[in-house]
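Participant: Each residue of the sequence shown is one higher than the one before, counting from 14 in this note's numbering. This is the structure I want to talk about, given as structure tokens.
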Amino acid sequence: MVKLIQVGVGGYGSSWLSTVMESQRAQHVALVDLNLEHLKQAREITGLPDSVCFTNLEQALMNGIEADALLCIVPPAYHESVIRIGVSAGMHILSEKPIAHTIQSAHQILQRFNKTDRIFMIAQKARFHPWVRRFRQIVNSGQLGQISHVTHYFRAPYYSWGEFRHQMQDPLYIEMSIHHFDLLRALLGCDPVQVWSTSWNTPYSTFAGDITGVAHFVMDNGWPITYHADAIASGDMTDWYGEIRAVGEDGTLTMIYPELYIAKKGANHTDRQAPQEFIMKVSNPQEGQLVALYEFLDAIKENRTPESSGQDNLKSLAMVFGAIDASRDQEFKQIDDYLL
Ligand SMILES: NC(=O)c1ccc[n+]([C@@H]2O[C@H](COP(=O)([O-])OP(=O)(O)OC[C@H]3O[C@@H](n4cnc5c(N)ncnc54)[C@H](O)[C@@H]3O)[C@@H](O)[C@H]2O)c1
């Protein structure tokens with residue numbers, strides 16, 4: 014059993030409480046949250062006593078709590094302060110995305126780990142699904158002929174989406190698109206080289222920062238990706254993953270939840286529906302949370318770098334901050350400039 018301190022038990026943290034319990038390979042030894050009401054609810058869910066619930070992490074450590082690892086599920090602007098204390102206390106860290114709210118803060122976090130042998134992993138629940146591996150295998154197999162480009166469209170009605178997201182800059186890219194950018198790297202098995210973008214806030218937005226955006230990436234194997242996301246959409250919505258198409262000479266590998274299929278060459282203006290080859294069902298994204306936790310626990314046990322380590326995830330975060338800067342400056346940005 015790996016002993017965990019979970020920092021942040023309200024909001025999305027509540028889903029982690031049950032995932033840790035379900036894992037049967039990790040156990041909470043303390044819970045930390047600024048909000049007493051959230052702590053009380055978490056106590057009821059976990060059955061932990063009041064004596065191991067704290068309003069800040071330092072207090073937990075001063076009270077003699079000993080843990081192997083820390084789960085960081087607080088808003089991104091607080092990741093660095095929480096992770097800094099955890100790593101100084103010798104813990105492995107599993108943190109929610111994004112690594113941090115700025116690229117500078119992400120670099121500072123990673124530099125702390127470079128001086129230790131502790132594991133730092135980002136829980137990107139989308140990349141751990143069997144359909145993602147299958148997509149990567151097909152797109153790289155030659156089965157679709159030569160690949161031309163990839164499109165990724167996302168539409169969601171997030172009119173009310175957790176208070177901090179309504180106040181921050183660039184909530185779309187920092188809070189949502191990080192999932193999609195990391196997923197694209199996992200789906201395609203290649204990494205980004207450059208990005209151009211434009212983002213904007215809709216006139217009817219409930220957000221202070223940009224909630225709609227278009228980004229264009231070029232990957233290191235030359236594949237272009239067009240990404241279009243609107244998190245305050247009207248009309249038809251996509252699933253949380255979005256709709257993803259890898260367009261090849263002989264067919265388009267298509268993911269429209271809950272199916273992965275190849276739409277084969279052969280449709281035309283009269284017969285617009287392409288012949289379909291069903292590949293597999295696509296699993297619910299939330300199921301990836303437990304798989305991500307197991308990857309973290311295995312990496313601790315085997316003393317190895319996990320998939321989605323902080324260092325690897327920096328490439329996904331570079332797509333986020335590259336896109337934000339490209340939109341602001343209206344020029345292509347090089348992804349390398351955002352890496353350590
Ligand atoms: N993977 C996903 O699908 C997914 C979904 C939602 C949120 N998230 C991520 O989870 C993290 C938390 O987001 P959320 O939606 O739960 O936020 P939230 O604001 O709803 O909840 C955050 C919780 O952390 C507590 N908190 C805040 N700062 C703290 C601190 N310094 N110390 C202790 N407790 C603190 C708050 O009281 C609250 O209970 C973010 O990084 C977010 O991006 C991921």
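All C-beta atoms in this analysis are idealised placements derived from N, C-alpha and C, irrespective of residue type, glycine included.
Note down the Cα distance separating V87 from T211, rounded to an integer number of angstroms.
Facilitator: Indexing the sequence shown from 1 puts residue 87 at position 74. Indexing the sequence shown from 1 puts residue 211 at position 198. About 28 Å.
Participant: Does the segment 216-226 come into contact with the segment 252-265, if we say contact requires no fewer than three beta-carbon pairs (one atom in each stretch) closer than 8 Å?
Facilitator: As far as the Cβ criterion goes, the segment 216-226 does not touch the segment 252-265, which means the pair count is below three.
Participant: Is it the case that the segment 73-90 contacts the segment 98-105, given that we only count it when at least three CB pairs across the two stretches are under 8 Å?
Facilitator: Yes: the two stretches touch, three or more of their Cβ pairs being nearer than 8 Å.
Participant: Return the residue from the list A169, P170, S118 and M268 that minimises the CA-CA distance to L201.
Facilitator: In the sequence shown, counting from the first residue as 1, residue 201 sits at position 188. The residue with the shortest Cα to Cα distance from L201 is M268.
Participant: Just grab the DSSP bridge partners of G261 for me.
Facilitator: Residue numbering aside, residue 261 sits at position 248 when the sequence shown is read from its first letter. DSSP, once it has assigned bridges, lists I160 as partnering G261.
Participant: Give, in chain order, every unbroken run of the alpha helix (DSSP H) that is at least 4 residues long and sits entirely within the segment 138-212.
Facilitator: Listed in chain order, they are 143-152, 176-180 and 191-201.
Participant: Measuring straight from C-alpha to C-alpha, what distance separates H142 and T215?
Facilitator: Sequence index remark: in the sequence shown, residue 142 carries index 129 (1-based). Sequence index remark: in the sequence shown, residue 215 carries index 202 (1-based). If you take the alpha carbons of H142 and T215, they lie about 33 Å apart.
Participant: Comparing C-alpha positions only, which one of D263, M181, T283 and M14 sits nearest to G158?
Facilitator: For the purposes of this step, residue 158 is taken as the residue at position 145 of the sequence shown. Residue D263 is the option with its Cα nearest to G158.
Participant: Just to confirm, does N297 get its C-beta within under 7 Å of one of the non-hydrogen atoms of ligand 1?
Facilitator: Your numbering for residue 297 matches position 284 in the sequence shown. Not so, every heavy atom of ligand 1 lies at least 7 Å from the Cβ.
Participant: What residue range is occupied by the uninterrupted beta strand (DSSP E) comprising Q286?
Facilitator: The count along the sequence shown starts at 1 and reaches residue 286 at position 273. Segment: none, Q286 is in no beta strand (DSSP E) and carries neither H nor E.
Participant: Does DSSP put S118 in a helix, in a strand, or in coil?
Facilitator: As a position in the sequence shown, residue 118 is number 105, starting the count at 1. Of the three classes helix, strand and coil, the one that applies to S118 here is helix, per DSSP.
Participant: Is F194 a contact residue of ligand 1, with contact defined as CB to any heavy atom under 7 Å?
Facilitator: On the sequence shown, position 181 is the one that residue 194 refers to. The answer is no for F194.
Participant: Is D183 close to ligand 1? I mean its beta-carbon at under 7 Å from any heavy atom of the ligand.
Facilitator: Locating residue 183 in the sequence shown gives position 170, where the first residue counts as 1. Not so, every heavy atom of ligand 1 lies at least 7 Å from the Cβ.
Participant: Give the DSSP-derived three-state secondary structure of D252 in the structure shown.
Facilitator: For the purposes of this step, residue 252 is taken as the residue at position 239 of the sequence shown. If DSSP states are grouped into helix, strand and coil, D252 belongs with coil.
Participant: If we call anything under 8 Å between Cβ atoms a contact, is L310 one with T32?
Facilitator: Translated into positions along the sequence shown, residue 310 becomes position 297. Translated into positions along the sequence shown, residue 32 becomes position 19. Not in contact: L310 and T32 (Cβ atoms no closer than 8 Å).
Participant: Hey, out of E344, D325 and I160, whose CA is closest to T265's CA?
Facilitator: The residue labelled residue 265 in the question sits at position 252 within the sequence shown. Selected option, being the one with the closest Cα: I160.
Participant: Near L52, what residues of its chain come up, given a Cβ to Cβ distance below 7 Å and the 5 sequence neighbours on each side ignored?
Facilitator: Here residue 52 refers to the residue found at position 39 when the sequence shown is read from its first residue. For L52, where only same-chain residues beyond five positions count, the Cβ hits under 7 Å are V22, L44, D46 and C66.
Participant: What are the residues that DSSP puts in a beta bridge with G226?
Facilitator: Taking the first residue of the sequence shown as position 1, residue 226 is located at position 213. Answer by DSSP bridge pairing, in chain order: S212 and A242.
Participant: Just list the residues that DSSP pairs P237 with in beta bridges.
Facilitator: Within the sequence shown, residue 237 is the residue found at index 224, counting from 1. Looking at the DSSP assignment, P237 forms a beta bridge with V231.
Participant: What are the start and end residues of the alpha helix (DSSP H) that includes S296?
Facilitator: Numbered from 1 along the sequence shown, position 283 holds the residue referred to as residue 296. It is not in any alpha helix (DSSP H) - S296 carries neither H nor E in the DSSP assignment.
Participant: Specify, as a first and last residue, the run of the beta strand (DSSP E) that Q437 falls within.
Facilitator: Lying before the first or after the last residue shown, residue 437 is absent from the chain, which here runs from 14 to 353.
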